[in-house]
Amino acid sequence: MEEVAIVGVGSTGLRSVTPDMSYKELMFEAATKAYEDAGTDPRRDVDSFVCVSEDFWEGTSIFDEYVPDQLGAVLKPVCTIAADGVYGLITAYMQILSGAVETAVVEAHSKASDMLTPTDIVALALDPVVNRPLGGNPYYIAGLEMNRYMYETKTTKEQCATVVVKNKREALSNPYAAYGAKITIDDVLNSEMMFYPLSRLDMSAPADGAIVMVLASEERARRLTDNPIWIRGVGWCSDTPRLETRDWANAAYAQSAADMAFKAANIANRRKEVDFSEVDDTFSFKELQHLEALGLCRRGEAGVLAEEGVTEKDGDMPVNPSGGSLGAGYTFEMTGLQRVLEVVLQLRGEAGKRQVPGAELGLAQCWRGVPTASGAVAILSAKREGA
Amino acid sequence: MHIKRRVAVVGAGMTKFVRRAKETGKELAFEATKMALDSTELTLKDIGCVTLGTAPDAFDGVHMKGEYLSDGAGGWRKPYMRCYVGGGTGVFAAINGWYHVASGLFDTCLVVCEEKMSSCQPHPQYAFQTIFDNITERPLGPNLVWIFALEMNRYMHAHNISKEEIALVSVKNKRNALDHPCAQLPQKITVEDVLNSEVLAWPVQRLDISPTSDGAAAIVLASEDVARKITDTPVWIDGVGWSLDTAYWTNRDLFYPKYVEYAARMAYEMAGINNPRKEIDVAEPYDPFDYKELHHMEGLLLCKKGEAPKLTKEGVTQRDGDLPICPSGGLLGVGNPIAAAGLMKVCEIFWQLRKEAGKRQVPGDPRTGLAQAWGDLMQVGTVVVMRAQ
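This is the structure we're talking about:
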């Protein structure tokens, strides 16, 4: 199969607030950095632009109206995917594979600090007939899910808390991260109870930022860069949107997306071949639940691995060396692209103090958050398949 | 440009377009999806992936509307994603489906477009107030009819076009819709009727505009080898193109939709079309307003700038004319559930090229057709070029 590579990345880094920057300025900064990194001129070299956003997060309907100018994309093929950044990456990947374009750009951003009532927006995602009239804070769904997951897999609150401690610590060595901290398991357990059994520190906090990436066909990638990062496999899946009929303990969407991606990447032994992974940790238990769904460990094993330090940066199976959403910040539709960014930096050997030694193949995974059961996976490698 | 593999439309379906559907959005999506699948004798098991198109969440007041609609659209436990380019979404969804298959990742793709505007009270126009720039425009309380009135005025002025010439489009399309079983506003009207209808924002009058609607449409796409197993008469998507102009629409000369031309050129190049006026046998340009059909014919290079009203007056764009335009009845006649209306145009070209359009069938032997949509702040063009065998 013909291959596609990421040839340039740019990021503003994440901050809890960015009162000095509009979303357009955030996007412009990330885009400028990405084009410089790739050595491309967007007006001359880029054939297609893919942006991701959801109208209600932005407070503007048909948000794709407002993306072309700051990306250098005026009068070019531009489209919006209403999903996480990994879906955007996949879209650009498919466009290049089809042969219609040679170079494509993916953009994702978060201006979370402009949202006065994000929880009310989440409530609007509930089924307007069946669920929304019940009222309440919609994050109760995450609490219920955590409870079911812990019950079925015998995972403990302490094990979930370990994930928070680890990710916030890793974030201390990530200059892009907004919420790095040195905390203890007790800090997590003693933090305010939010949606039983979810405590305040089990939940990631919102952050602002923007990320832009440049993708290119194999031929063009070789001309542009000496260290292309190859997309080896992608997968995505939506489980039922119905709360009443979904599997609450297993992340079926992540399992299905991973099966598709690993098959495409021709990887049989996942645990052995994946050097590190960046998986969704919107809530502490999600990292564990996702690791199991991705087939990187057995069911019920993720909590134990976290406790034993296996998922730490210098462990046998590093997970979220970036600090994840818990450490770096939750960035809505940018969440997944932030994971892809970390994988790219790690595979290029540019991750600085948080570098995973010898990383050659990494996995990025996203989940679209409460109340969805949708997510995507991308497997990236510093080596071309068969090379 | 080397396209990896050929993709065909093998099935299509749509619901009736109505002012207010009793069905939920999920049910509308289901109905169109089921009809499209049934027309191919495939089931959901045979479908590799699903892509959905639907316009602003503000219509339904449902956040992440794509997620909400996923089960109705057949997306359960499948690779499923929603694409979105405002009013251009309907045709872009077909493009999005096209590269799902052309990339080699999937052999079949279900493309579903749904819109339920009637949930927005008292009128869907209120949802459109939220599409404007939140600092420079929204405080003025604009609505879409106003800005399209500016565009219509500019177009009329640039080419010295009269209201009478433009009204002919509305007359033609509403009459064409009399033969469409799904049509919401099929009507036999005269130019006088259009000119005497209520003025909304000069020069736009009530009968210059398509209605607000509820409805859904769906198509099934397949790769070449799979398509040939499903049907003897696949309709190939041989060219796709899309283009987005600047968000600062006030800085543009609105007399000509350059972004439509760019999108068309991309699609024509892919399809190997050098002379669109000669090579396109039937076209469905986007016609939410009557002047837009003319504007888009020019942007699509189907005629010279300013020439579209003349062709319309001469009957060239009638169903039995030399270049039939909107034989379906278009948005003016069939209705305008935004994303679904765009995909309806792709469905129409599919049926026309398969000679399955019944009373709407254009005469002769149409081989090449085009569907186009338009949206955002008079800003985006999306185009597909389709061919019979």
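Chains as they are written, first to last, in the working numbering: chain A, 5 to 391; chain B, 18 to 406.
Backbone N, C-alpha and C fix where the C-beta goes; we use that ideal spot for every residue, glycine too.
Check: According to a CB-to-CB cut-off of less than 9 Å, which residues of the segment 123 to 134 of chain A neighbour chain D?
Finding: Included in the structure are the protein chains A and B, with no chain D among them.
DSSP-derived helix/strand/coil call for P326 of chain B: The count along the second sequence starts at 1 and reaches residue 326 of chain B at position 309. It is helical.
### Task
Mind listing the chain B neighbours of W240 of chain A? Cutoff is C-beta to C-beta under 7 Å, in chain order.
The residue labelled residue 240 of chain A in the question sits at position 236 within the first sequence. Near W240 of chain A (Cβ distances below 7 Å), the residues of chain B are P96, M98.
| query | Between the beta-carbon of F60 of chain A and the beta-carbon of D74 of chain B, is there less than 7 Å? | reply | As a first step, residue 60 of chain A must be located in the first sequence, where it is residue number 56. As a first step, residue 74 of chain B must be located in the second sequence, where it is residue number 57. For the pair F60 of chain A and D74 of chain B, the CB atoms are nearer than the 7 Å cut-off.
- prompt: Looking at the C-beta of H313 of chain B, does it have a partner C-beta in chain A at a distance below 7 Å?
  reply: In the second sequence, counting from the first residue as 1, residue 313 of chain B sits at position 296. No - not a single Cβ of chain A is within 7 Å of the one on H313 of chain B.
Under 7 Å from the C-beta of Y116 of chain B: neighbouring residues of chain A: Position 99 of the second sequence, counted from the first residue, corresponds to residue 116 of chain B. Ordered by position in chain A, the residues that pass the 7 Å Cβ test against Y116 of chain B are M98, Q99, S102, A104.
* Asked: Within 10 angstroms of its Cβ, does L157 of chain B collect 16 or more other Cβ (buried), or is it exposed?
  -> In the second sequence, the residue the question calls residue 157 of chain B occupies position 140. By the neighbour-count rule (16 or more Cβ atoms within 10 Å), L157 of chain B is not buried but exposed.
field: Counted within 10 angstroms of its Cβ, other Cβ atoms place P57 of chain B as buried (16 or more) or exposed
entry: For the purposes of this step, residue 57 of chain B is taken as the residue at position 40 of the second sequence. The identity of residue 57 of chain B in the sequence shown is Thr, whereas the question assumes Pro. Buried.
Requested in this report: For W259 of chain B, go through chain A and note every residue whose CB falls closer than 7 Å to its CB, in chain order.
Outcome: Taking the first residue of the second sequence as 1, we reach residue 259 of chain B at position 242. P81, C83, listed in chain order.
Contacting residues, own chain, Cβ-Cβ under 6 Å from N231 of chain A (five flanking each side not counted): Residue numbering aside, residue 231 of chain A sits at position 227 when the first sequence is read from its first letter. Around N231 of chain A: R352.
List the endpoints of the continuous beta strand (DSSP E) containing W93 of chain B. Walking along the second sequence from the start, residue 93 of chain B turns up at place 76. It is not in any beta strand (DSSP E) - W93 of chain B carries neither H nor E in the DSSP assignment.
Would you grab the beta carbon distance between I66 of chain A and I148 of chain B for me? Rounded to a whole angstrom, and I think it's under 8 Å. For the purposes of this step, residue 66 of chain A is taken as residue 62 along the first sequence, with counting starting at 1. For the purposes of this step, residue 148 of chain B is taken as residue 131 along the second sequence, with counting starting at 1. Correct: roughly 5 Å between the Cβ atoms.
Mind checking which residues open and close the beta strand (DSSP E) that includes T207 of chain B?
Reading the second sequence from its first residue, position 190 is the one you call residue 207 of chain B. Run containing T207 of chain B: none; DSSP gives neither H nor E here.
| query | Is the CB of W93 of chain B under 7 Å away from at least one CB in chain A? | reply | Here residue 93 of chain B refers to the residue found at position 76 of the second sequence. Closer than 7 Å to some Cβ of chain A, the Cβ of W93 of chain B qualifies, so yes.
Q: Compare the C-beta of Y143 of chain A against all C-beta atoms of chain B and say whether one is closer than 7 Å.
A: Counting from one through the first sequence, the residue named residue 143 of chain A turns up at place 139. No - not a single Cβ of chain B is within 7 Å of the one on Y143 of chain A.
Problem - Of the listed residues A:E174, A:L120, A:M150, A:A209, nearest to V323 of chain A (C-alpha basis) - result: One-based indexing of the first sequence puts residue 323 of chain A at position 319. Measuring from the Cα of V323 of chain A, the nearest candidate turns out to be A:E174.
Requested in this report: Assuming A374 of chain B and L318 of chain B form a contact by the criterion Cβ under 8 Å, report the distance between their Cβ atoms to the nearest whole angstrom.
Outcome: For this step, residue 374 of chain B is matched to residue 357 along the second sequence. For this step, residue 318 of chain B is matched to residue 301 along the second sequence. Not quite, the Cβ-Cβ distance comes to about 25 Å (not below 8 Å), so this is no contact.
query: Would you say P73 of chain B faces chain A, with C-beta separation under 7 Å as the test?
result: What you label residue 73 of chain B is simply residue 56 of the second sequence in a count that begins at 1. Chain A contact via Cβ: present.
* Mind pulling the chain B residues with CB within less than 7 Å of V78 of chain A? -> The sequence position of residue 78 of chain A within the first sequence is 74, counting from 1. Neighbours of V78 of chain A on chain B, chain order: D262, T263.
Margin query: I'd like the ranges of any alpha helix (DSSP H) spanning at least 4 consecutive residues and lying wholly in the segment 185 to 271 of chain A.
Written below: 189 to 194, 222 to 228, 256 to 269
ask   = Less than 7 Å separating the beta-carbons of L228 of chain A and D285 of chain A?
value = Here residue 228 of chain A refers to the residue found at position 224 of the first sequence. Here residue 285 of chain A refers to the residue found at position 281 of the first sequence. Cβ atoms of L228 of chain A and D285 of chain A: not closer than 7 Å.
Would you report the Cα separation of P142 of chain A and I125 of chain A, rounded to the nearest angstrom?
As a first step, residue 142 of chain A must be located in the first sequence, where it is residue number 138. As a first step, residue 125 of chain A must be located in the first sequence, where it is residue number 121. Approximately 10 Å, taken between the alpha carbons.
As a quick exercise: from B:V252, B:D270, B:R223, pick the residue whose alpha carbon is nearest that of A29 of chain B. Your numbering for residue 29 of chain B matches position 12 in the second sequence. Ranked by Cα distance from A29 of chain B, the first of B:V252, B:D270, B:R223 is B:V252.
If we require 4 or more residues per run, which alpha helix (DSSP H) segments fall completely within the segment 256 to 342 of chain B?
275 to 288, 293 to 296, 307 to 316, 325 to 330
**Prompt:** Does the beta carbon of A119 of chain B come closer than 7 Å to any beta carbon on chain A?
**Reply:** Position 102 of the second sequence, counted from the first residue, corresponds to residue 119 of chain B. So yes, A119 of chain B belongs to the interface.
**OP:** Locate the alpha helix (DSSP H) running through M98 of chain A, then write down its first and last residues.
**Re:** What you label residue 98 of chain A is simply residue 94 of the first sequence in a count that begins at 1. Per DSSP, M98 of chain A belongs to the alpha helix (DSSP H) from 89 to 102.
Exercise for review: Go ahead and label G139 of chain A buried or exposed: buried means 16 or more other beta carbons lie within 10 angstroms of its beta carbon, across all protein chains shown.
Suggested key: Taking the first sequence and counting its residues from 1, one reaches residue 139 of chain A at position 135. With fewer than 16 other Cβ atoms inside 10 Å of its own Cβ, G139 of chain A counts as exposed.
### Query
Within this structure, are the beta carbons of F109 of chain B and G65 of chain B separated by less than 7 Å?
Numbered from 1 along the second sequence, position 92 holds the residue referred to as residue 109 of chain B. Numbered from 1 along the second sequence, position 48 holds the residue referred to as residue 65 of chain B. Result no, Cβ atoms of F109 of chain B and G65 of chain B do not sit closer than 7 Å.
### Query
Between the Cα of A297 of chain A and the Cα atoms of A:D263, A:E311, A:P245, which residue gives the shortest distance?
Sequence index remark: in the first sequence, residue 297 of chain A carries index 293 (1-based). The shortest Cα separation from A297 of chain A among A:D263, A:E311, A:P245 belongs to A:D263.
Worksheet item: Would T107 of chain A count as contacting chain B if we go by Cβ distances under 7 Å?
Response: Position 103 of the first sequence, counted from the first residue, corresponds to residue 107 of chain A. No, no contact with chain B.
* For A185 of chain A, which option in A:V192, A:L193, A:D191, A:L176 has the closest C-alpha, if you only look at C-alpha atoms? -> Within the first sequence, the letter at position 181 stands for residue 185 of chain A. Residue A:L176 is the option with its Cα nearest to A185 of chain A.
ask   = Listed in chain order, which residues of the segment 257 to 283 of chain A have Cβ atoms closer than 9 Å to some Cβ of chain B?
value = Y257, S260, A261, M264, A268
Ordered along the chain, which non-local residues of its own chain (more than five positions away) have a Cβ less than 6 Å from that of A380 of chain A?
The residue given as residue 380 of chain A occupies position 376 in the first sequence. The residues are V90, Y91, W240, A261, C370.
What residue does the alpha helix (DSSP H) around F60 of chain A start on, and which one ends it?
-> Stepping through the first sequence from its first residue, residue 60 of chain A is reached at position 56. It spans 59 to 62 - the alpha helix (DSSP H) in which F60 of chain A sits, taken as one unbroken run.
Quiz prompt | Cβ-based burial, T249 of chain A [other Cβ within 10 Å; buried from 16] | solution = The count along the first sequence starts at 1 and reaches residue 249 of chain A at position 245. Label assigned to T249 of chain A: exposed.
Can you tell me the Cβ-Cβ gap for I297 of chain B and G386 of chain B, rounded? I've got them flagged as a contact below 8 Å. Taking the second sequence and counting its residues from 1, the one referred to as residue 297 of chain B is at position 280. Taking the second sequence and counting its residues from 1, the one referred to as residue 386 of chain B is at position 369. At roughly 7 Å, the Cβ-Cβ gap stays under 8 Å, so I297 of chain B and G386 of chain B are in contact.
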